[in-house]
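Engineer:
Protein chains: 2
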Amino acid sequence: MVDDFVKRVREALARKETITIGARCNIRYSGRAESFLDKGDRLIIIKQDGSMFVHQPEGLNPVNYMKEGSSHSVRVENDEVKIYSTNIPKKEFMYTTIVKPHFFFSQKLNDTEKIVIAGNEKDMASMLYENPSLIEEGFKPFSLEEHTKYGFIDIFGTDKNNNVVLVECKRYTIDFKAVEQLQRYVKKIKKEKGIKNVRGILAAPSITPNAKDMLHDLKFEFKKVKPPKYLEEIDKTQKKVFEY
Amino acid sequence: MVDDFVKRVREALARKETITIGARCNIRYSGRAESFLDKGDRLIIIKQDGSMFVHQPEGLNPVNYMKEGSSHSVRVENDEVKIYSTNIPKKEFMYTTIVKPHFFFSQKLNDTEKIVIAGNEKDMASMLYENPSLIEEGFKPFSLEEHTKYGFIDIFGTDKNNNVVLVECKRYTIDFKAVEQLQRYVKKIKKEKGIKNVRGILAAPSITPNAKDMLHDLKFEFKKVKPPKYLEEIDKTQKKVFEY
DNA sequence: GGGGAGAGATGCCGC
DNA sequence: GCGGCATTTCTCCCC
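Protein chains in written order, with this note's numbering: chain A, 1 to 244; chain B, 1001 to 1244.
1. If you follow the beta strand (DSSP E) that B/Asp-1154 is in, where does it begin and where does it stop?
2. Looking only at its own chain, which residues have a Cβ that is under 6 Å from the Cβ of B/Phe-1103, when we skip the five neighbours before and after it?
3. Whose Cβ in chain B lies nearer than 7 Å to the Cβ of A/Pro-57?
4. Hey, quick one: how far does the alpha helix (DSSP H) through B/Ser-1126 stretch, first residue to last?
5. Work out the CA separation of B/Cys-1025 and B/Pro-1089 for me, nearest whole Å.
6. Could one say the Cβ of A/Lys-226 lies closer than 8 Å to chain B's Cβ atoms, at least one of them?
7. Please determine, among A/Phe-93, A/Ser-126 and A/Arg-15, the residue with the shortest C-alpha to C-alpha distance to A/Met-52.
8. By Cβ distance, which residues of its chain are closer than 6 Å to A/Arg-8, with the 5 residues on each side in sequence left out?
9. Three-state secondary structure (DSSP) at A/Leu-144?
10. Output needed for A/Leu-258: all residues of its chain with C-beta closer than 7 Å, excluding positions within five of it in sequence on either side, in chain order.
11. With a cut-off of 8 Å, do at least 3 Cβ pairs link the region 1160–1172 of chain B to the region 1192–1203 of chain B?
12. Could you name the residues of the region 113–132 of chain A whose beta carbon sits closer than 7 Å to any beta carbon of chain B, in the order they occur along the chain?
13. Please determine, among A/Ile-115, A/Gly-151 and A/Gly-157, the residue with the shortest C-alpha to C-alpha distance to A/Glu-130.
14. Within the continuous alpha helix (DSSP H) that includes B/Val-1179, where are the two ends?
15. Could you pull out every residue in the same chain whose Cβ sits closer than 7 Å to the Cβ of B/Met-1066, ignoring the five residues on either side in sequence?
16. For the region 1131–1150 of chain B, which residues have a beta carbon sitting closer than 7 Å to at least one beta carbon of chain A?
17. Per DSSP, what kind of secondary structure is B/Ala-1014 in: helix, strand or coil?
18. With three or more C-beta pairs closer than 8 Å as the rule, is the region 145–156 of chain A touching the region 118–134 of chain A?
19. Please report the straight-line C-alpha distance between B/Arg-1199 and B/Lys-1212, rounded to a whole angstrom.
20. Who are the near neighbours of B/Val-1186 in its chain, counting only those whose CB is closer than 7 Å to its CB and skipping five residues on each side?
21. In the DSSP assignment, find the beta strand (DSSP E) that holds B/Asp-1213 and state where it starts and stops.
22. Between B/Thr-1112 and A/Ile-135, what straight-line distance do the alpha-carbon atoms span, to the nearest angstrom?
23. Of all the CB atoms in chain A, is at least one closer than 8 Å to the CB of B/Ala-1308?
24. Mind checking which residues open and close the beta strand (DSSP E) that includes B/Leu-1166?
25. Ends of the beta strand (DSSP E) at B/Ser-1106?
26. Against chain B, does A/Leu-37 count as a neighbour if the rule is that its beta carbon must be under 8 Å from one of theirs?
27. Can you list, in chain order, the stretches of the beta strand (DSSP E) that have 3 or more residues and sit fully within the region 19–68 of chain A?
28. Please state whether the Cβ-Cβ distance between B/Pro-1205 and B/Lys-1226 is less than 8 Å.
29. Are the C-beta atoms of A/Lys-255 and some chain B residue less than 8 Å apart?
30. Have a look at B/Pro-1141 and A/Thr-18 and give me their C-alpha separation to the nearest angstrom.
31. Does chain B have any CB closer than 8 Å to the CB of A/Lys-100?
Below you can see the structure in the form of structure tokens.
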């Protein structure tokens, strides 16, 4: 019984299939940290690229995992199945002791598709670049998401009085880290360009009280902007798919 | 065939079992962003708590997912199986169209164990608290990982000249964000306590060049410290488990 | 490979 | 719920 299970796992590993195992097991990990998880029923996944995941029956994240490129060997010791997983370059190790296998399935999966995502920070910056009046009347952007020597600046432009304007977009609530980020860029530009008047604008749907205080101290500005969510693909094929 | 598959999925959902499906499918998501993933072979997992994951055959992270508390309903449309997943409180929606199911398994999993992790930042702070000479001779810590009104400070203490010392630990390379974090704490303490001499020390295994410059400008100090990795549990039961 | 920044980040704790 | 911060964060891009 155990021998059959081991044989199937070994063959699936050799064929580089995607493996799913349900089993009662315990896990030891050593690498960037060390961890131990005592016996319980879990879902174990080993992917074709060598990555491995242990999922408890609840929770979003795997409780233990190994990254791409890990090697796995299976042995039987004292009627228990042990999976030894190693990732030598990353110096990570994981040992899974299977007390009782519940189910096993493996299959070669074919998938060359890549996910298309809309509504990230870049899309938000693009929207503001295309519609500069969302920042303010007279704003003229002239650079978008560029690795300048002043840093990675979301939108760079001038206002109606020809002041240099630097816009930092955030999809979520601005905290003081975002304000500090903007401060770094503004400081650098003032220094390297030798100009005094550089306006800093934070564009986001909301801002924390602490960040607002810091922003006022630094004479920066906050512009309330809702991030765009619009997947062209979806609109083309099927309108309002996601309404309910 | 399709009807049987649908029946099994529905029953497993009703019984709140952990579900694993191998299938050729496409995915649409709308929530914090919007995404589309065209047809390919994937692993689909639905957990007992309503969370759901779609894994491509390679890669560490799920390509799509729904969080805990999501509801899932299954329908047949044009010989395809559609899983409609909704999370109303979070305003998130995911539609999985299964073109061809490869396998299905479901089971109630029992697991009450919690993972024990050693070697995180808290352990590092504790180590330095217990062995203050690792920071410097004469260092006297008097508070550990405390949510003070000055912020969440790793270690708070005094040096041999009775200066206030503030230590921020990082398990990994210090970057300028960590320096800014320390700066916030030091500023706040100087202001609220009305004292001038507050030393700031960053304890970590390494530091980036930019962070080092910033640290020198701010007259802070860097102390090279290796984070501890030691799981008592492991040492008690089995010495040097992770040697190879 | 390191540095810097975003992520559908998540998870934890405290208020 | 929000705020602040760590995470075995991961991922991407650029140098």
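Note that beta-carbon positions come from the ideal geometry of N, C-alpha and C, so glycine has one too. Bear in mind that the values here come from a model prediction, so they are computed numbers and not experimental data.
Structural biologist: Quick look at the numbers:
1. Here residue 1154 of chain B refers to the residue found at position 154 of the second sequence. Its beta strand (DSSP E) spans residues 1151–1158.
2. Within the second sequence, numbered from 1, the residue matching residue 1103 of chain B stands at position 103. Gly-1022.
3. The count along the first sequence starts at 1 and reaches residue 57 of chain A at position 57. Correct list: Thr-1018, Lys-1047, Gln-1048, Leu-1109 and Asp-1111.
4. For the purposes of this step, residue 1126 of chain B is identified with residue 126 of the second sequence, where counting begins at 1. First-last of the alpha helix (DSSP H) with B/Ser-1126: 1121–1130.
5. Along the second sequence, read from residue 1 onward, the residue named residue 1089 of chain B stands at position 89. Along the second sequence, read from residue 1 onward, the residue named residue 1025 of chain B stands at position 25. Spanning the two alpha carbons is a distance of roughly 26 Å.
6. In the first sequence, counting from the first residue as 1, residue 226 of chain A sits at position 226. It does not; no Cβ of chain B falls within 8 Å.
7. On the first sequence, position 52 is the one that residue 52 of chain A refers to. Ranking the options by Cα distance to A/Met-52, first place goes to A/Phe-93.
8. The sequence position of residue 8 of chain A within the first sequence is 8, counting from 1. Contacts found: Phe-104.
9. The sequence position of residue 144 of chain A within the first sequence is 144, counting from 1. Residue state, collapsed to three classes: strand.
10. Not covered by the structure: residue 258 of chain A. The range shown for chain A is 1 to 244.
11. yes
12. Glu-113, Ile-115, Val-116, Ile-117, Ala-118, Gly-119 and Asn-120
13. Here residue 130 of chain A corresponds to residue number 130 of the first sequence, with the count starting at 1. Answer by Cα proximity: A/Gly-157.
14. The residue you call residue 1179 of chain B lines up with position 179 of the second sequence. Counting along the chain, the alpha helix (DSSP H) containing B/Val-1179 begins and ends at 1176–1193.
15. As a first step, residue 1066 of chain B is located in the second sequence; it is residue number 66 there, counting from the start. Excluding residues within five positions, the ones whose Cβ falls inside 7 Å are Ser-1051, Met-1052, Ser-1085, Asn-1087, Glu-1092 and Met-1094.
16. none
17. Residue 1014 of chain B sits at position 14 when you count from the first residue of the second sequence. Note: B/Ala-1014 maps to helix in three-state DSSP.
18. yes
19. In the second sequence, counting from the first residue as 1, residue 1199 of chain B sits at position 199. In the second sequence, counting from the first residue as 1, residue 1212 of chain B sits at position 212. Computed Cα separation, rounded: 16 Å.
20. By one-based count along the second sequence, residue 1186 of chain B stands at place 186. Excluding sequence neighbours, B/Val-1186 sits near Leu-1166, Val-1198 and Gly-1200.
21. Position 213 of the second sequence, counted from the start, is the residue given in the question as residue 1213 of chain B. Careful: B/Asp-1213 lies outside any beta strand (DSSP E), inside the alpha helix (DSSP H) at 1209–1217.
22. For the purposes of this step, residue 1112 of chain B is identified with residue 112 of the second sequence, where counting begins at 1. For the purposes of this step, residue 135 of chain A is identified with residue 135 of the first sequence, where counting begins at 1. So the alpha carbons of these two residues sit roughly 51 Å apart.
23. Nothing can be reported for residue 1308 of chain B, as the shown portion of chain B is limited to 1001 through 1244.
24. What you label residue 1166 of chain B is simply residue 166 of the second sequence in a count that begins at 1. Looking at the DSSP string, the run of the beta strand (DSSP E) that includes B/Leu-1166 is 1164–1169.
25. Translated into the one-based positions of the second sequence, residue 1106 of chain B becomes position 106. Residues 1092–1107.
26. Numbered from its first residue, the first sequence carries residue 37 of chain A at position 37. Closer than 8 Å to some Cβ of chain B, the Cβ of A/Leu-37 qualifies, so yes.
27. 34–46, 52–55 and 64–66
28. For the purposes of this step, residue 1205 of chain B is taken as the residue at position 205 of the second sequence. For the purposes of this step, residue 1226 of chain B is taken as the residue at position 226 of the second sequence. Contact: yes.
29. The shown model of chain A, from 1 to 244, leaves out residue 255 of chain A, and the question about it has no answer.
30. Counting from one through the second sequence, the residue named residue 1141 of chain B turns up at place 141. Counting from one through the first sequence, the residue named residue 18 of chain A turns up at place 18. Rounded to whole angstroms, B/Pro-1141 to A/Thr-18 spans 51 Å at the Cα level.
31. Along the first sequence, one-based indexing puts residue 100 of chain A at 100. No, no contact with chain B.
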